[in-house]
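**Q** In order, the protein sequence lines correspond to chains A and B.
For the first sequence, our numbering assigns the number 1 to the initial residue and increments by one for each residue that follows.
For the second sequence, our numbering assigns the number 1001 to the initial residue and increments by one for each residue that follows.
2 protein chains.
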Amino acid sequence: MVQKSKPPSAATEPERRSEPKRRGRPRAYEPEIALGKALDLFRKQGFAATSLDDLSEATGMNRPSLYSAFGDKRELYIKSYQRYREDARASMVEIFRQEMPVRQRLARIYAAALNIYLSGETGPRGCFTVVTAASEAVGDPEIRAMALEGLTELDKAFANCFRRAKENGELPASADPAALAQLASATIHTIAIRSRARVSRKELEAIVKGAIDVMVGAKP
Amino acid sequence: MVQKSKPPSAATEPERRSEPKRRGRPRAYEPEIALGKALDLFRKQGFAATSLDDLSEATGMNRPSLYSAFGDKRELYIKSYQRYREDARASMVEIFRQEMPVRQRLARIYAAALNIYLSGETGPRGCFTVVTAASEAVGDPEIRAMALEGLTELDKAFANCFRRAKENGELPASADPAALAQLASATIHTIAIRSRARVSRKELEAIVKGAIDVMVGAKP
DNA sequence: TGATTTTTGTACCATATCGCAAATTAATCC
DNA sequence: GGATTAATTTGCGATATGGTACAAAAATCA
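This is the structure:
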């Protein structure tokens, strides 16, 4: 029940700035990587199918430690989802910010999404929002709010992207950024779902290419 | 533990043709409606979160009866999914078959989809494939095969639809039916997901309209 | 009526699950 | 070194879960 054989010495703990010299027994785990392991499990199995024993084994923490660190199962699920959203946002925010042609921007966003969805040792992990959060959303208002936030955040980013493209003359004046954005989001959703059904990366990339062609016009 | 207070007399059982005069004690349930109740539950809660007690209560059958009729939980889940796909196909096959303008055909397909996704007494039920089957698909080859089948079946129907539209001159010669089809499927998937997050019917219809406009051109 | 057949109803088993309490260990503070 | 603090470990308990055995019930057949 140990996360790392090597205990975190002062030298091997670069993130703790100023070393606050915590009082009691030191933690045998690092919260961030433990949360990452929990996230992996929830993404793979969903909420109900993931037991505390599974989580305990994956994180290397026993149950009381899990509770003291993250609260009960539902809280851990929610914290995992927050972490997922932060990671996903981090992997895309730069692509949305930098200046580049729409086509390239879209291609890079979808490449980032595919990397998130297809990674995983025991099979593709898919998208947290699509695979499990949407499922829990009907019954849990807090999860529903987070899922909605995730959906609209992506819609807005895409809408912004198409609006800029229109201003740059990359899209015709008749283009509707909001409608295009929702199609762009829909493409994200469809590859998330298909990746769960183990559709190959190649096919998913073909879907992405076709979608981009329809949205911004076939490459000249 | 009774499905209907009125026992099925010979007169009130129109579907059993020729009345084979079954030998033993008559069933207290009708398999078709019991399967429908199980389907509702699985759609709402997914596989793991649905217990046999839940299923027993919903179907009005006790567990031994459930087993003798449908097998274990996984088999019941698979039979529910088959039933769902049959129902979904039935609600769309005519729309795909009949002769009508693309725009109208798409509108009617999406209306049918929304009816499936938004119905439900305790909240929107979403799409079986998207909400729960995609989740189980990574770990279960049989479910994965069914999910893949459902996805490609829809893709093909849409591709066929766009191919005909192109032949009829409703779409430009440059249109790519396969790419459009995958976008049309993606739109199905996105409204399935959003419906689970309780996005209103109005908003979903707006998304559908925008998607149709992009796919076949804004209405003149 | 009595034998046969099929389904139902009750009860049960072994295990899994969530959550927590109590004792133990390892660090710092004085 | 002893007190204090915080995390770990072990283990428990109440309940839930998937699955099944077995007897009672309700129909047909002879």
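Beta carbons are placed, not taken as given, at the ideal position from N, Cα and C, and that holds for glycine.
1. Going straight from the alpha carbon of V138 of chain A to that of R1043 of chain B, what length do you get?
2. Report, in whole angstroms, the separation of the C-beta atoms of A181 of chain A and A1048 of chain B, which I expect to be a contact under 8 Å.
3. Using the beta-carbon of each residue, which ones in chain A are nearer than 9 Å to K1044 of chain B?
4. If you drop the 5 nearest sequence neighbours on each side, which residues of the same chain put their C-beta closer than 8 Å to that of R1083 of chain B?
5. What in chain A is Cβ-close to V1216 of chain B, meaning under 7 Å?
6. Throw me the rounded Cβ distance for the E136 of chain A and I143 of chain A pair, which I believe falls under 8 Å.
7. Tell me, please, whether the stretch 1116 to 1127 of chain B touches the stretch 1194 to 1207 of chain B by the rule of three or more beta-carbon pairs shorter than 8 Å.
8. Which first and last residues belong to the alpha helix (DSSP H) in which G1036 of chain B is found?
9. Please list, in chain order, all residues of the same chain as P101 of chain A whose beta carbon is under 7 Å from its beta carbon, the five residues on each side excluded.
10. Inspect the beta-carbon positions of V208 of chain A and I193 of chain A and report whether they are closer than 8 Å.
11. Between L105 of chain A and E121 of chain A, what straight-line distance do the alpha-carbon atoms span, to the nearest angstrom?
12. For M215 of chain A, is the classification buried or exposed, using 16 other Cβ atoms within 10 angstroms of its Cβ as the cut-off for buried?
13. Roughly how many angstroms separate the alpha carbons of R1023 of chain B and R1085 of chain B, rounded to a whole number?
14. In chain order, which continuous runs of the alpha helix (DSSP H) of length 4 or greater are located wholly inside the stretch 143 to 215 of chain A?
15. Enumerate, from N- to C-terminal direction, the unbroken alpha helix (DSSP H) stretches of 4 or more residues contained entirely within the stretch 1072 to 1107 of chain B.
16. Looking only at C-alpha atoms, which of B:T1059, B:S1068, B:M1092 and B:G1217 sits nearest to A175 of chain A?
17. Leaving out the 5 sequence neighbours to the left and right, which residues in its chain are closer than 7 Å to P1031 of chain B when beta-carbon positions are compared?
18. By the criterion of Cβ-Cβ separation under 7 Å, what are the contact partners of V1131 of chain B in chain A?
19. Return the Cβ separation of A1179 of chain B and D213 of chain A in integer angstroms, given the expectation that the two are a contact with Cβ distance under 8 Å.
20. Going straight from the alpha carbon of R25 of chain A to that of R125 of chain A, what length do you get?
21. Please list, in chain order, the chain B residues whose beta carbon lies closer than 7 Å to that of P124 of chain A.
22. Kindly list the residues whose CB is nearer than 7 Å to the CB of P1177 of chain B, restricted to its own chain and excluding five residues on each side of it in sequence; keep chain order.
23. At which residues does the alpha helix (DSSP H) containing P1124 of chain B begin and terminate?
24. Which residues of chain A have a Cβ atom closer than 9 Å to the Cβ of L1180 of chain B, listed in chain order?
**A** This is what the structure gives:
1. Taking the straight line from one Cα to the other gives about 11 Å.
2. Your pair A181 of chain A and A1048 of chain B does not check out as a contact, with CB atoms roughly 34 Å apart and the cut at 8 Å.
3. By Cβ distance, chain A contributes V138 and G139.
4. L1035, G1036 and L1039.
5. Neighbours of V1216 of chain B on chain A: none; closest Cβ ~11 Å, over 7 Å.
6. Contact between E136 of chain A and I143 of chain A holds: CB atoms are separated by about 5 Å, below the 8 Å threshold.
7. Contact between the stretch 1116 to 1127 of chain B and the stretch 1194 to 1207 of chain B is present, because at least three Cβ pairs lie under 8 Å.
8. For G1036 of chain B, the enclosing alpha helix (DSSP H) stretches over residues P1031 to Q1045.
9. Only residues of its own chain outside the window of five on either side were considered, and among them E170 have a CB closer than 7 Å to the CB of P101 of chain A, listed in chain order.
10. Cβ atoms of V208 of chain A and I193 of chain A: not closer than 8 Å.
11. Inspection of the sequence shows that residue 105 of chain A is occupied by Arg rather than by Leu. Those two C-alpha atoms are separated by around 28 Å.
12. In this structure M215 of chain A is buried. Its beta-carbon is surrounded by 16 or more other beta-carbon atoms within 10 angstroms.
13. In a straight line, the C-alpha of R1023 of chain B is about 33 Å away from that of R1085 of chain B.
14. With a minimum length of 4 residues, the continuous alpha helix (DSSP H) runs that stay inside the stretch 143 to 215 of chain A are 177 to 196.
15. Listed in chain order, they are 1073 to 1097.
16. The alpha carbon of A175 of chain A has as its nearest neighbour, out of B:T1059, B:S1068, B:M1092 and B:G1217, the alpha carbon of B:G1217.
17. Counting only Cβ-Cβ distances below 7 Å, and skipping sequence neighbours, we find A1069.
18. Listed by position along chain A, the residues whose Cβ is nearer than 7 Å to that of V1131 of chain B are A134 and S135.
19. Confirmed, about 6 Å.
20. Rounded to the nearest angstrom, the two C-alpha atoms are 35 Å apart.
21. Correct list: V1138.
22. If we look at P1177 of chain B and ignore the five residues flanking it on each side, its Cβ neighbours are A1159, F1162, R1163 and K1166.
23. Run containing P1124 of chain B: none; DSSP gives neither H nor E here.
24. By Cβ distance, chain A contributes G210 and V214.
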